[in-house]
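Step one of this worksheet: look at the structure below.
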């Protein structure tokens, strides 16, 4: 009888262990395979730049390959929905942005994912100014010249964006509203393709995140006119803010983070968060990150969740106020 009871206890304990959260030795065994880092926008844009910068030290610290996968389309919705449906085992993570996490739910009627319920926040990774820019051979050199030209040529000033509702869309729309300067929106499937068309002369201007613009500005291909934040960007110290250039009170920024599918074990979220915070504390990595124009903002999962909540209110109200609609 004692033997039977002992066997039953062992079987019960084994069965219960299946349902226990990932802790102890089980936690030590993760990860054991490659991680897919989904960027819901095309190659070449700021989100792609950030993911590829992070993937190297993340791979080194976790001991497995971190593969960046660009899954673009529908203003970030396609790749984001893919991660929402992924198995919550930590092997698929998302480059989350203000567009796909807060704005799209306002402008798209049938979103295939819920930005809050379908994801587990890991950490915020960036806070960027945007920079209004034109081709280097343009006659436009100041913000006032840009505004005056737009008013004098109401059909000629176009601006490209990463898609409807993206920061690259909202920034110029806000400028358009407060100055009365007519500008025509040209949406793309990501900031990279928009920048390529700006370089090729197919569009007149772009208001892009500094991470995507710096290489073109530094190489002399694009001319920065003004940055959108209240203070100057450390990577563009000679470029005035919109406020300094005459548009008083203008302050607009973009942010990004990393999320996993909902129900990913808390232990895995903690591993990611701890690892990313270690990366952002590394002096050499900080220099690389700050070189693309972002502040160092890595924090806790809860802080990132709070940001998504507050920005959903702020940006949602801005989208409605500007009457942003799908093009």
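Numbering (mature numbering (1 follows the signal peptide of the UniProt record, and there is no 0)), first residue to last: -26 to -1, 1 to 301.
The C-beta atom is built at its ideal place from N, Cα and C for all residues, glycine as well.
Sequence-distant partners of residue 143 (beyond 5 residues in either direction) whose C-beta falls short of 8 Å from its own C-beta, in its chain, are 135, 136, 137, 159, 161 and 298. When Cβ pairs closer than 8 Å are counted between the two stretches, the region 76 to 83 is seen not to touch the region 100 to 107, the count staying below three. The continuous beta strand (DSSP E) containing residue 106 extends over residues 93 to 109. When rounded, the separation of the alpha-carbon atoms in residue 113 and residue 18 is 27 Å. Rounded to whole angstroms, the gap between the alpha carbons of residue 121 and residue 133 is 13 Å. Distance from the Cα of residue 20 is smallest, within the candidate group 55, 169, 289 and 173, for 169. Under the criterion of beta carbons closer than 8 Å, residue 141 and residue 72 qualify as touching, at roughly 6 Å. Residue pairing by DSSP places residue 44 opposite 13 in a beta bridge. Separation of residue 47 and residue 163 (C-alpha to C-alpha, rounded to the nearest whole angstrom) is 6 Å. Between residue 270 and residue 250, the C-beta spacing is not below 9 Å. A distance below 9 Å separates the beta carbons of residue 24 and residue 266. Sixteen is the threshold: when 16 or more other Cβ atoms of the shown chains lie within 10 Å of the Cβ of residue 234, as they do, the residue is buried.
In this model, residue 35 and residue 4 are separated by some 12 Å (Cα to Cα). The three-state reading of DSSP puts residue 254 in helix, counting H, G and I together. Excluding the 5 residues flanking it on each side, residue 293 has same chain C-beta neighbours closer than 8 Å at 77, 80, 81, 139 and 144, in chain order.
Closest by C-alpha distance to residue 221, out of 195, 184, 49 and 200, is 200. Classified as exposed, residue 116 has fewer than 16 neighbouring CB atoms from the shown chains inside 10 Å of its CB. For residue 229, DSSP records a beta bridge to 101. Taking one beta carbon from each stretch, the region 49 to 56 and the region 85 to 97 have 3 or more pairs nearer than 8 Å; the two touch. In this structure, the CA atom of residue 62 is about 14 Å from the CA atom of residue 8.
When the alpha-carbon of residue 230 is set against those of 22, 6, 216 and 128, the nearest one is in 22.
Sorting 28, 27, 32 and 10 by C-alpha distance to the C-alpha of residue 60 places 10 at the top. For residue 149, the closest C-alpha among the options 109, 215, 240 and 279 is that of 215. CA-to-CA, the gap between residue 204 and residue 186 works out to about 20 Å.
Here residue 195 has 109, 110 and 173 as same chain residues with Cβ atoms under 8 Å from its own Cβ, once five neighbours each way along the sequence are excluded. In the DSSP assignment, the residues bridged to residue 197 are 108.
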